[in-house]
Amino acid sequence: MIDALASVESSLFTRLLVTALVVVVVLGARYGINRWRRRDGWSSGRRTELLLSVVLAAVTGGGILVLVDLWELVGPLARSYRNLGLQDLAGRMLLAVVILATTYALTDLVGRIIGEFTGTRSSISEHQREIIYRLTQVTLYTLAILVVVGLFTRDLGSLLVGAGFLGIVVGMAARQTLGAMLAGFVLMFSRPFEIGDWVQIGDREGIVTEITIVTTRIQTFDGEYVMLPNDEVSGQPIINRTRKGRLRIEVEVGVDYDADPEHAAEVAREAVTELDQVLNVPTPQVVGKRFGDSAVVLGVRVWIDNPSARRMWRARTAVIEAVTDAYAAEGIKIPFPQRELMGRTEEGGFAVAEGRETPAPTPDGGPGDGTAE
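Its first residue numbered 1, the sequence shown is counted upward by one per residue in the UniProt record's numbering.
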């Protein structure tokens with residue numbers, strides 16, 4: 001009897017000692033890895049973060065399995081699971097919650113894996129990674145919902161009828177949201193723009209920061225973040241200024257009617273060709289635009305690469321300064337807006353006042369004496 005008690009006490013002591021050791025190992029591993037992550041001056045890549053997450057999950061899961069086997073809890077847990085039974089509503093609900101929670105955690109892990117394996121490939125853009133992740137996410141959730149539905153019913157015909165009726169009600173109540181979701185898939189596959197592109201959508205202009213199934217988010221040049229529903233994005237003209245990798249800029253300049261337009265165009269072309277902010281290929285061009293009120297309007301056209309708002313304004317400023325200096329050196333006048341003064345004649349109509357002032361009218365409305373007040 002005494003030997004049996006001593007054996008029981010020894011076994012209990014061994015279990016407690018092993019339990020304490022397992023808890024220390026698990027907590028020590030989590031503390032050490034978290035402290036390593038927060039340590040100043042240490043930066044990790046995606047692969048390292050993924051590896052650390054896997055190590056933490058493996059250590060924690062291994063510790064739990066060791067404790068379950070140590071305290072001989074496999075049998076009681078199995079009996080508890082059998083006692084739940086799928087015919088029990090509480091058991092089915094608990095299992096459904098477990099399936100949905102597992103799917104949620106799995107989608108996060110799949111997102112990390114997709115980012116890891118596609119992040120180092122230049123042939124796959126951020127937009128394409130987003131499409132792959134969203135399709136995987138929808139697939140996993142669809143499978144999980146089918147499994148959960150299978151736990152509660154076996155009559156698929158009635159289920160489909162109820163789902164169809166529910167779909168009609170939901171579609172009428174949330175037609176704008178569903179329209180935005182459908183437009184989101186269209187935008188993801190048609191790819192009119194990608195994350196990081198400089199776009200103009202309607203009267204909004206900025207850099208695309210995020211593309212989701214429902215919304216598209218852009219950052220304007222004023223520092224504002226604008227969230228646009230995808231159905232509004234697909235229904236408006238979209239201008240992508242960075243898709244081709246270069247952008248043409250046109251600056252209009254007026255030259256005096258007494259100047260030679262061809263010579264003025266050549267001077268402007270030579271002035272902007274030497275600028276560092278513009279490309280030499282395609283070559284800068286200067287074209288005649290129109291006859292203005294006070295000048296012949298020329299269009300100075302140059303190209304920039306890697307388009308951005310900052311590069312565009314720098315190039316535009318450089319073109320204006322170069323053309324202004326070149327015209328000043330060549331004596332080509334950029335005229336101010338001019339107006340011609342007209343005076344009413346005694347016979348009716350108007351005449352141009354040439355070199356003299358029009359007589360000012362008297363207070364009673366008659367002709368003046370030739371002096372203007």
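Every residue, glycine too, gets a C-beta built ideally from N, C-alpha and C.
Being a predicted model, the structure only gives us computed values, none of them experimental.
Other residues of its chain near residue i: CB distance less than 8 angstroms, five sequence neighbours each side excluded
i	result
R243	F193 and D197
L140	T103, L106, T107 and V110
I131	M188 and F189
G254	G292, S294, A295, V296, V297, L298, I334 and P335
A29	V55, L56 and V59
R15	L70 and W71
G288	P261, A265, V296, V297, L298 and G299
L279	R246, V302, W303, I304 and D305
V147	I99
For residue i, the residue or residues it bridges with in DSSP
i	result
E210	R217
N280	Paired residues: none, contrary to the question.
I304	L247
R290	V297
Q285	R301
W198	I207
P229	T215
N240	V199
E252	G299
Identity of the residue in the options nearest residue i by Cα
i	options	result
T220	G184, V323, G202 and L21	G202
F336	W313, A58, G292 and G184	G292
L275	R311, Y257 and V296	R311
L56	E224, V68 and Y31	Y31
I211	G223, A183 and E224	A183
V214	L12, E252 and L228	L228
residue 381	V287, G288, V272 and K289	One cannot answer for residue 381 here, as it falls past the ends of the chain, which runs 1 to 373.
T324	V74, A315, I195 and A268	A268
G223	K289, F13, A29 and A309	A309
W313	Q285, L247 and P284	L247
F13	L70, V186, Q200 and V148	L70
V138	V149, M93 and F185	F185
V149	R129, R15, M93 and A20	M93
A322	V287, Q285, E270 and L73	E270
Sequence-distant residues of its chain with Cβ nearer than 6 angstroms to residue i (five each side left out)
i	result
Y133	G111 and I114
Q285	R301
T136	V110
Cβ-Cβ separation, residue j to residue i (assumed contact under 8 angstroms), whole Å
i	j	result
I218	R204	6 angstroms
Y257	A295	7 angstroms
I33	L52	6 angstroms
A96	L151	6 angstroms
residue 415	D231	Any question about residue 415 goes unanswered here, given that the chain covers just 1 to 373.
A329	Q277	That belief does not hold up - the Cβ atoms of A329 and Q277 are roughly 20 angstroms apart, past 8 angstroms.
I195	T177	Between T177 and I195 the Cβ distance is about 23 angstroms, and since that is not below 8 angstroms, they are no contact.
G245	V226	Their Cβ separation, rounded to whole angstroms, is 25 angstroms, which puts G245 and V226 out of contact at 8 angstroms.
Close beta carbons around residue i, own chain, < 7 angstroms, minus the five adjacent residues each side
i	result
R316	I249 and V251
A144	I99, L100 and T103
T48	none
I320	V251
L17	none
| Quick check: the region 291 to 304 against the region 230 to 240, are there 3 or more CB pairs under 8 angstroms? | Between the region 291 to 304 and the region 230 to 240 there are fewer than three inter-stretch CB-CB distances shorter than 8 angstroms, so the stretches are not counted as touching.
| Taking three-plus beta-carbon pairs below 8 angstroms as touching, is the region 253 to 265 in contact with the region 303 to 310? | No: fewer than three Cβ pairs fall under 8 angstroms.
| Segment contact, 8 angstroms Cβ cut-off, at least three pairs: the region 56 to 69 with the region 21 to 28 | Taking a contact to require three or more Cβ pairs closer than 8 angstroms, the region 56 to 69 and the region 21 to 28 qualify as touching.
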